[in-house]
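Numbering (our numbering), first residue to last: 328 to 433.
Beta carbons: idealized from backbone N, C-alpha and C, even for Gly.
Nothing here was measured: the structure is a model prediction, and the numbers come from that model.
Worksheet: one structure, shown below.
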Amino acid sequence: MFGFLKKEKKKEKSIQPIRRVDTQAKLIHKSDEPIDDMLSGDVMPVEKPIFELTFLCDDGKEVVATVSEFEFGNVSVGDEGRLVYDEYKYCNEIISFADKIKEFVM
328 MFGFLKKEKK KEKSIQPIRR VDTQAKLIHK SDEPIDDMLS GDVMPVEKPI FELTFLCDDG
388 KEVVATVSEF EFGNVSVGDE GRLVYDEYKY CNEIISFADK IKEFVM
């Protein structure tokens, strides 16, 4: 009846991964310094440092993924094992890697 008084709800943007990838990989590079976490306008700044890890997958593809400072300290170049990560438009987020990074479950 009073349609002009109704407020339309904004559709909330939810950032969803494009896909989850499960592969065997070897860690071939660790970033020397934290990266800028503002990869797109859709994310809020995070106060904790974010680091990049580069993996070489069994299929020959290189994958760069972001991790927290804690996870960064748990891995070394040369580590090998099962890598599970979520692929997003602007970055990849590690879910687990070998016995070094475990999936966080609440």
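- Measuring C-alpha to C-alpha distances from residue 375 to each of 386, 357, 397, 391 identifies 397 as the nearest.
- Residue 421 and residue 412 do touch by the CB rule: their CB atoms are close to 5 angstroms apart, below 8 angstroms.
- Taken in chain order, the complete beta strand (DSSP E) segments of 3 residues or longer contained in the region 346-411 are 346-357, 377-384, 389-395.
- Per DSSP, the unbroken beta strand (DSSP E) holding residue 424 starts and ends at 419-424.
- Of 379, 390, 418, 356, the smallest CA-CA separation from residue 362 is found for 379.
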